[in-house]
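Engineer:
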Amino acid sequence: MSRKFIRIDSVTELEKIASAKTIENIFFKKHLRNFSSEKVDALVHELDREITPEIDCTQCGNCCKKLEPELSTEEIEKLASVKNETPEQFKQNYVLHDGKTNFLKTKPCIFLSENKCSVYESRPQACAGFPHLDLKDYKYKSTFWSNYSLCPIVFNVIECLKEKTGFRP
Ligand code: SF4
Ligand code: SF4
């Protein structure tokens, strides 16, 4: 890949670099107003294809340590059977219900083992799609910006987006 790509060796390092760029990112979001949502989305999709294969998620696992993935009823049933529990037991032990949606409430995730997902084939859709860089409306998508300090892929996509859109800090 020809583009400048920032290798991150640890979560602490990522949080430190991301925090130092807080003000810069406020100006970058303003800069993005000069581009249509369609243009920004197309650039994010292109950068996702370039950057994601460059990052080894097994060296990171940060999303599995810090986030609580959404779970459908079918996913609860599948994960409960992995734990040899009934869906009701599983819900009681590991699921948070916010009145509308179910989430796996353990952080780090109970299925994370040596930075790898031990239920990879049965992992929830929310995990399989993370960091969700094939969607739309990134200019205003809060999770895109909040994942900047959590996920090295998102961090690099946003940094390369600055370069692609001619942003000068
Ligand atoms: S998706 Fe992002 S946060 Fe999750 S393991 Fe891969 S690089 Fe780390
Ligand atoms: S189910 Fe697997 S991919 Fe999802 S958070 Fe847990 S360890 Fe990570």
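Position 59 of the sequence shown, counting from 1, maps to 135 under the working numbering, and the rest follow consecutively.
Quick reminder that beta carbons are idealized off the backbone N, C-alpha and C, glycines included.
Computed from a predicted structure; not experimentally measured.
1) So, using beta-carbon positions, are residue 200 and residue 136 closer together than 8 Å?
2) How would you write the range of the alpha helix (DSSP H) that residue 101 sits in, first residue to last?
3) Is any heavy atom in ligand 2 found nearer than 7 Å to the beta carbon of residue 87?
4) Assess, as a yes-or-no matter, whether the segment 160-171 is touched by the segment 211-231 under the definition of 3 or more beta carbon pairs within less than 8 Å.
5) Please state if the CB of residue 87 and the CB of residue 248 are separated by a distance shorter than 8 Å.
6) Using a Cβ distance threshold of 8 Å, determine whether the segment 90-101 contacts the segment 204-213, with at least three qualifying pairs required.
7) Express the C-alpha separation of residue 203 and residue 140 in angstroms, rounding to a whole number.
8) Does the segment 180-199 come close enough to the segment 233-243 to have 3 or more Cβ pairs within less than 8 Å?
Structural biologist: Short version:
1) Indexing the sequence shown from 1 puts residue 200 at position 124. Indexing the sequence shown from 1 puts residue 136 at position 60. No, the Cβ-Cβ distance between residue 200 and residue 136 is not below 8 Å.
2) Along the sequence shown, read from residue 1 onward, the residue named residue 101 stands at position 25. Element bounds for residue 101: 98-107.
3) In the sequence shown, counting from the first residue as 1, residue 87 sits at position 11. Checking the Cβ of residue 87 against ligand 2 gives no.
4) no
5) Outside the displayed span of the chain (77 to 245) sits residue 248, for which this structure offers no information.
6) no
7) By one-based count along the sequence shown, residue 140 stands at place 64. By one-based count along the sequence shown, residue 203 stands at place 127. The C-alpha of residue 203 is placed about 8 Å away from the C-alpha of residue 140.
8) A contact between stretches requires three or more CB pairs, one per stretch, nearer than 8 Å, and the segment 180-199 fails this requirement with the segment 233-243.
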